[in-house]
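This is the structure in structure tokens:
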């Protein structure tokens with residue numbers, strides 16, 4: 024999360040991308056039996072999708 028501070032925080036709409044991606048990561052992690060690979064992959068996919076589409 025701190026690595027994203029310098030890049031995402033400068034985008035006016037980007038301030039909610041990282042918290043949303045973190046929430047997805049936590050939700051998938053808990054829902055899929057604490058599978059780290061799936062949860063990190065899902066969180067990364069959400070963040071990348073938001074950055075590229077919005």
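In our numbering, the protein residues as written are 24 to 77.
Here a beta-carbon is modelled for each residue, glycine too, at the ideal position from N, C-alpha and C.
Enclosing alpha helix (DSSP H) for residue i [first to last residue]
i          : result
residue 62 : 59-76
residue 48 : 40-54
Same chain, Cβ closer than 6 Å to residue i, five either side skipped, listed in chain order
i          : result
residue 52 : 62
Top-ranked residue by Cα proximity to residue i, from the options
i          : options           : result
residue 44 : 75, 70, 76 and 74 : 70
residue 49 : 39, 65, 75 and 72 : 65
residue 42 : 59, 67 and 58     : 67
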